[in-house]
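One structure below.
Structure, rendered in structure tokens:
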């Protein structure tokens, strides 16, 4: 696993380096390199219920985590195309529970392409590795159980911005863990999805779509193959210059060969509303209802530093984010999220999170920031956790 991680990171840096070498003469540098240091205090590292004793092998309930990161990225237009990429390698060191020290990474590479014949699309690859969650019994107390997620996406559209267009999408997703415990292996899966849809664009402010998707996947450790079929209705609407809404409503049916408790039939969907009342203030509201595996990849990016595994049959979640440019150098971010999961073993749980962060651009290349977080879960596995941290980042362009 360590050799695989090294090879992936080397490949990503080589790819970025080759692309950057061809753009040295550009007036504005398309690439960046940087480093950051973050210290975070977590009041309930193992996500234990109040009053619960420490599990065997744990050295303290709370801990301070030092995260040292190396960063690189690229964003380069080439004619009608755009090449982009981001890489982050992170070393996490725990002050008390040092058996959990680990290396994580995030990789995001891709290209937006277009031709003169109204053909366009995107090809991208995203991968991340982070310490798995302790909340659902997947994380290991005595060693760092690394959660690895990856996604490959290829999308093509024929018709461009004309009245009618046809769009095809292929997505590969995979999640696995370094630990060999039954709880970890039961959450490992991979899947391939192929979708085909028709887009109708009556104006520049409205795009409507209808399509079908078929997904074939497997939970290998359980010898459980599954099929999923979706009928999708989509819309992208720009009611005003300050607001944009993107929505999907689907009828989904998922059938499993072995773990039939995961079977699902019913409505799924998502909605994102972006609202910018002023040039300095932005609100983003997200709603999602989908199976646990699909919901865990919602909004998946290279910079995912929190474990995303979700073993529920169905998850319904709402999230609100706000960004405020208080000054030219100070930015403030706030967020709230609420999720309700229907668990495979029966019952459900409800999790709420609150975040608040502020960043200060000390110079063109140096950013300082601090963040606070609160997380509370009720139901089958209840706990409360608070986090606080500060960071410094240096970026060269």
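In the numbering used here, the protein residues as written are 263 to 659. Just so you know, even glycine gets a beta-carbon here, dropped at the ideal spot from N, CA and C.
Inset, instruction - Scan the stretch 549-631 and note each continuous beta strand (DSSP E) run of 3 residues or more that stays entirely inside, going in chain order. - result: 576-587, 592-604, 610-623
Inset, instruction - Have a look at residue 379 and residue 426 and give me their C-alpha separation to the nearest angstrom. - result: For this step, residue 379 is matched to residue 117 along the chain shown. For this step, residue 426 is matched to residue 164 along the chain shown. Using only the alpha carbons, I get a separation of about 14 Å.
Legend entry - Own chain residues within Cβ distance below 6 Å of residue 628, not counting five before or after: By one-based count along the chain shown, residue 628 stands at place 366. Counting only Cβ-Cβ distances below 6 Å, and skipping sequence neighbours, we find 656.
Legend entry - Span separating the alpha-carbon of residue 331 from that of residue 298: Here residue 331 refers to the residue found at position 69 when the chain shown is read from its first residue. Here residue 298 refers to the residue found at position 36 when the chain shown is read from its first residue. Each residue's alpha carbon lies about 5 Å from the other.
Legend entry - Straight-line Cα distance separating residue 404 from residue 535: Within the chain shown, numbered from 1, the residue matching residue 535 stands at position 273. Within the chain shown, numbered from 1, the residue matching residue 404 stands at position 142. Whole-angstrom Cα-Cα distance: 42 Å.
Legend entry - Sequence-distant residues of the same chain with beta carbon closer than 8 Å to residue 424, five excluded per side: Residue 424 sits at position 162 when you count from the first residue of the chain shown. Cβ within range, chain order: 380, 463.
Legend entry - Short Cβ contact (9 Å threshold) for residue 487 with residue 519: Position 225 of the chain shown, counted from the start, is the residue given in the question as residue 487. Position 257 of the chain shown, counted from the start, is the residue given in the question as residue 519. Going by C-beta atoms, residue 487 is nearer than 9 Å to residue 519.
Inset, instruction - Report whether the distance from the Cβ of residue 581 to the nearest heavy atom of the ligand ADP is below 8 Å. - result: Among the components modelled here there is no ligand, and therefore nothing to report on the ligand ADP.
Inset, instruction - Report, in whole angstroms, the separation of the C-beta atoms of residue 667 and residue 512, which I expect to be a contact under 8 Å. - result: Residue 667 is absent from the model: the chain starts at 263 and stops at 659.
Inset, instruction - Compute the Euclidean distance between the alpha carbons of residue 308 and residue 585, then round it to the nearest angstrom. - result: Against the chain shown, residue 308 aligns to sequence position 46. Against the chain shown, residue 585 aligns to sequence position 323. If you take the alpha carbons of residue 308 and residue 585, they lie about 30 Å apart.
Inset, instruction - Please state whether DSSP places residue 292 in a helix, a strand or coil. - result: Here residue 292 refers to the residue found at position 30 when the chain shown is read from its first residue. If DSSP states are grouped into helix, strand and coil, residue 292 belongs with coil.
Inset, instruction - Tell me where the beta strand (DSSP E) around residue 334 begins and ends. - result: Sequence index remark: in the chain shown, residue 334 carries index 72 (1-based). 325-340 is the extent of the beta strand (DSSP E) around residue 334.
Legend entry - Beta-bridge pairing of residue 514 - partner residues as DSSP gives them: Position 252 of the chain shown, counted from the start, is the residue given in the question as residue 514. Beta-bridge pairing links residue 514 to 492, 528.
Legend entry - Presumed contact (8 Å Cβ cut-off) between residue 372 and residue 350, rounded CB distance: As a working mapping, residue 372 is identified with position 110 in the chain shown. As a working mapping, residue 350 is identified with position 88 in the chain shown. In fact, because the Cβ distance is near 16 Å, the residues do not count as touching under 8 Å.
Inset, instruction - Check residue 447 in the structure and name its three-state DSSP category. - result: As a working mapping, residue 447 is identified with position 185 in the chain shown. Looking at residue 447 - three-state DSSP - the assignment turns out to be helix.
Legend entry - Nearest-angstrom Cα separation, counted from residue 310 out to residue 348: Taking the chain shown and counting its residues from 1, one reaches residue 348 at position 86. Taking the chain shown and counting its residues from 1, one reaches residue 310 at position 48. Straight-line Cα distance between these residues: approximately 35 Å.
Inset, instruction - Return helix, strand or coil for residue 361, following the three-state DSSP convention. - result: Position 99 of the chain shown holds residue 361. Reduced to three states, the DSSP call for residue 361 is helix.
Inset, instruction - Please state if the CB of residue 470 and the CB of residue 500 are separated by a distance shorter than 9 Å. - result: Working through the chain shown from its first residue, we reach residue 500 at position 238. Working through the chain shown from its first residue, we reach residue 470 at position 208. Not closer than 9 Å, so no.
Legend entry - Limits of the beta strand (DSSP E) - the one that residue 408 falls within: Within the chain shown, numbered from 1, the residue matching residue 408 stands at position 146. From DSSP, the beta strand (DSSP E) with residue 408 extends over 408-420.
Inset, instruction - State yes or no: is the C-beta of residue 613 within less than 9 Å of the C-beta of residue 626? - result: By 1-based counting over the chain shown, the position of residue 613 is 351. By 1-based counting over the chain shown, the position of residue 626 is 364. Contact flag unset, no.
Legend entry - Stretch-stretch touch, CB-based, cutoff 8 Å, three pairs: the stretch 573-591 with the stretch 538-555: yes
Legend entry - Beta-carbon gap between residue 430 and residue 422 smaller than 9 Å: In the chain shown, the residue the question calls residue 430 occupies position 168. In the chain shown, the residue the question calls residue 422 occupies position 160. Taking 9 Å as the Cβ cut-off, residue 430 and residue 422 do not qualify as a contacting pair.
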